[in-house]
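One structure is given below, encoded as C-alpha cells.
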Amino acid sequence: MMNAFTWPVPSDVRLIPLPALNDNYIWALSRNGHALVVDPGQAAPVLDWLERESLQLDAILLTHHHGDHVGGVMDILAKHPARVWGPAHERLPACDVRVGQSDKVDLPTLELTLDVLDIPGHTAGHVAYFGQNEVKQPFVFCGDTLFAAGCGRLFEGTPAQMTDSLGKLAKLPSDTLICCAHEYTLSNLRWALQVEPDNPQLHERWEQDNLKRQQNLPTVPSTLKTELATNPFLRCETTAVIKAAEHHAAQSLNNPVEVFASLRDWKNNF
Numbered sequence: 001m002m003n004a005f006t007w008p009v010p011s012d013v014r015l016i017p018l019p020a021l022n023d024n025y026i027w028a029l030s031r032n033g034h035a036l037v038v039d040p041g042q043a044a045p046v047l048d049w050l051e052r053e054s055l056q057l058d059a060i061l062l063t064h065h066h067g068d069h070v071g072g073v074m075d076i077l078a079k080h081p082a083r084v085w086g087p088a089h090e091r092l093p094a095c096d097v098r099v100g101q102s103d104k105v106d107l108p109t110l111e112l113t114l115d116v117l118d119i120p121g122h123t124a125g126h127v128a129y130f131g132q133n134e135v136k137q138p139f140v141f142c143g144d145t146l147f148a149a150g151c152g153r154l155f156e157g158t159p160a161q162m163t164d165s166l167g168k169l170a171k172l173p174s175d176t177l178i179c180c181a182h183e184y185t186l187s188n189l190r191w192a193l194q195v196e197p198d199n200p201q202l203h204e205r206w207e208q209d210n211l212k213r214q215q216n217l218p219t220v221p222s223t224l225k226t227e228l229a230t231n232p233f234l235r236c237e238t239t240a241v242i243k244a245a246e247h248h249a250a251q252s253l254n255n256p257v258e259v260f261a262s263l264r265d266w267k268n269n270f
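Right, dumping it as C-alpha cells:
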C-alpha cells in the first residue's frame, strides 16, 4: 500500500514512493498525464505505475550511480524514451543532461523547475533536486544523502563533505518534504534513541513510524522540520548529541565534523 501526496495548490500534482527491490523507493511525480521518476533501481514498479495511471514518462532524474538507483533505467527507456538528467561526474547507464550545483531542471510538461544541489559524501558526485516555486509545499529528492532519522554511509566522500552536504539540505525551508530513497526509518530511529534517549520528539516519532510500518505504509516523506528535531546527523551542534558522540569516541570532539564522524562510526556498527 502506498501514500500519495497531493498538494492543495496545484491539486493535480501527485507524489508517490514506489517500493522497489528490498527497501528502495523510486519517487514518482505526476501532473496532467505526465510523469517523472527518480532513481529507478528497478523497471517493473515504474512500468506498472505508468500503465496503471496511463501516464507519459517525460523525465528520469538520477542522484548518483549506485546500481539500486540506476538499474532499471535502460529497461524503462526501451519502452518510454524519456530524457535523463544525472550528476555531472558519475558513471551512469544513460544520461542526456549532466547537472551540478545551481543548475536547473526545466520540465515544462509538468510545469516544474527543479534546482540542483551538489551533496557529495555518499558518493563523490551525488546531487539532489529541489522544487518549490510551482507547488504549495517544497520537496527535495535527496537520494542516499539524508534519510529519515539518518544519513547515507560514506562510500566515496569524507566526513567534512557529508557534514557540508547535510548542512546545505538543512538550510532548505523547514516544511520541505524529504524524499529519500530507502525505508531505513525504524532502524535509524532505534539508533537515534540511543543517541538522544531523552528527546520526547524522538519517542513520539518512533510510535508514529512504527505504526505506519505495521500497516505496511511508507514512513517517508518526512519533513525537514521533523529531521531537525529528531535526526542526530542534523543535530551535531546540540549539547546532548555532542555528549553522546564524545562518549562513543571516548574523547573530546572539537567541531561538528568530528561529531558527525563519531556518529557515523557509531551508526555503522550499530
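So for the sequence shown, full-length UniProt numbering puts the first residue at 1; every next one is plus one. Glycine included, C-beta positions come from ideal geometry on N, C-alpha and C.
Should valine 9 be labelled buried (16 or more other beta-carbon atoms within 10 Å of its own) or exposed? For the purposes of this step, residue 9 is identified with residue 9 of the sequence shown, where counting begins at 1. Bear in mind that a pLDDT of 46 at valine 9, under 50, signals an unreliable position, so the number given afterwards is only what the model happens to contain. Valine 9 comes out exposed.
Whose C-beta lies closer than 6 Å to the C-beta of histidine 248 among residues of the same chain, with five residues either side of it excluded? Locating residue 248 in the sequence shown gives position 248, where the first residue counts as 1. Excluding residues within five positions, the ones whose Cβ falls inside 6 Å are Ser262 and Trp266.
Considering Cα atoms alone, identify which of Leu21, Asp23, Asn22 and Glu51 is closest to glycine 33. Working through the sequence shown from its first residue, we reach residue 33 at position 33. If we check each option's Cα against that of glycine 33, Glu51 comes out closest.
Evaluate the contact criterion for the stretch 177-190 versus the stretch 138-155: three or more CB pairs, one atom per stretch, below 8 Å. yes
So what's valine 140 in DSSP terms, helix, strand or just coil? Counted from its first residue, the sequence shown places residue 140 at position 140. Three-state DSSP puts valine 140 in a strand.
For the alpha helix (DSSP H) that contains serine 262, what are its first and last residues? The sequence position of residue 262 within the sequence shown is 262, counting from 1. Element bounds for serine 262: 256-268.
Segment contact flag, the stretch 185-204 with the stretch 157-168, C-beta cutoff 8 Å, min 3 pairs: no
Quick one: give me the first and last residue of the beta strand (DSSP E) that leucine 117 is part of. As a first step, residue 117 must be located in the sequence shown, where it is residue number 117. Its beta strand (DSSP E) spans residues 112-118.
Is it right to say glutamate 196 is buried, meaning 16 or more other beta carbons lie within 10 angstroms of its own, or is it exposed? Numbered from its first residue, the sequence shown carries residue 196 at position 196. Per the 10 Å Cβ criterion, buried.
Glutamate 156 versus tyrosine 129 - alpha carbon distance: Position 156 of the sequence shown, counting from 1, holds the residue named residue 156. Position 129 of the sequence shown, counting from 1, holds the residue named residue 129. Distance between the alpha carbons of glutamate 156 and tyrosine 129: 20 Å.
Using a Cβ-Cβ cutoff of less than 6 Å, which residues in the same chain neighbour alanine 170 once the five nearest sequence positions on both sides are dropped? Along the sequence shown, read from residue 1 onward, the residue named residue 170 stands at position 170. Excluding residues within five positions, the ones whose Cβ falls inside 6 Å are Leu234.
At least three beta-carbon pairs within less than 8 Å, the stretch 42-60 to the stretch 107-114: yes
Classify alanine 244: buried if its beta carbon has 16 or more other beta carbons within 10 angstroms, exposed otherwise. Here residue 244 refers to the residue found at position 244 of the sequence shown. Buried.
Boundaries (first-last residue) of the alpha helix (DSSP H) holding valine 99: Mapped onto the sequence shown, residue 99 falls at position 99. Element bounds for valine 99: not the alpha helix (DSSP H) but the beta strand (DSSP E), 97-99.
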